[in-house]
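Down below is the structure, laid out as structure tokens.
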Amino acid sequence: MKKPALVFTSPFLAFLAACVSGDGSMNNAGLASAPSSSAPLLSADGSRRGDATVTETATGLHVAVRATGLTPGVHAVHIHMTGTCTPPDFTSAGGHWNPMGRQHGKDNPAGMHMGDMPNLTASSDGSGQIEYLIPGGTLRTGAHPLLDADGAAVVIHAQADDNKTDPAGNAGGRIACGILAAN
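Each residue of the sequence shown is one higher than the one before, counting from 1 in UniProt numbering.
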């Protein structure tokens, strides 16, 4: 009886081994990948300031932003509604992604935009990162997908977001921008 059980589990163990990388972490070998969109974050002079990835999950959009070359301190990060990043001020990205017509900020009783996210703190070397889940967000399906015909943008601002002032939390100028393509 033990031998058939061993034979039965052998294919499963072989599949599991294919999903483990050399360092022991899991990878997506043989698994369907989740819908996602990535963008390099560029400053007004075209230098790279990091990257952003938005991945659709069963509960919403997982946003990961990794930044470099920023002024040390706290910076607002938002998803903007238009996938255009025209320097020097990146106003071409439009306002925050706000398909529900709300006001700005998690501390605003009438808020928040779906594109509002936590602040990013850049360390003394100018690097920082955040990860955030936008509950109920989708990339390309549903009533209010992020990636409509004109895409979207991830923007890093010069200052911190106060999380309540409409329309942008007094976050200051736009210092880096990345286009999330509609593909």
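By construction, the Cβ of each residue, glycine as well, lies at the ideal position given by its N, Cα and C atoms. Quick caveat: nothing in here was measured; it's all calculated off a predicted structure.
- Of the residues assessed, G46 falls on the exposed side of the cut-off, its CB having fewer than 16 other CB atoms within 10 angstroms.
- Here R49 is buried: its Cβ has 16 or more other Cβ atoms, across all protein chains shown, within 10 Å.
- S38 is bridged by DSSP to T53.
- Contact between the segment 50 to 69 and the segment 94 to 102 is absent, with fewer than three C-beta pairs closer than 8 Å.
- Under the rule that a run must span 3 or more residues, the beta strand (DSSP E) segments found entirely inside the segment 63 to 151 read 73 to 75, 77 to 80, 120 to 122 and 128 to 135.
- Shown here, A176 sits in a strand according to DSSP, grouped into three states.
- Exposure of G173 is indicated by the presence of fewer than 16 other C-beta atoms within 10 angstroms of its C-beta.
- Beta-bridge pairing by DSSP links A153 to H80 and I179.
- In this structure L41 touches A52 by the C-beta definition: roughly 6 Å separates them, less than 8 Å.
- Nearest neighbour of I179 by Cα position, chosen from A34, S33 and S38, turns out to be S38.
- By the criterion of at least three beta-carbon pairs nearer than 8 Å, the segment 111 to 130 is in contact with the segment 158 to 167.
- Residue burial annotation: G151 is buried, with at least 16 other C-beta atoms found within 10 angstroms of its C-beta.
- When secondary structure is reduced to three states using DSSP, G60 falls in the strand class.
- Straight across, the Cα-Cα distance linking T121 with A176 is about 15 Å.
- If you draw a straight line from the Cα of L146 to the Cα of Q129, it comes to about 21 Å.
- A direct Cα-Cα distance of roughly 9 Å separates T59 from T138.
- The beta carbons of H80 and A153 sit about 4 Å from each other, so the pair counts as a contact at 8 Å.
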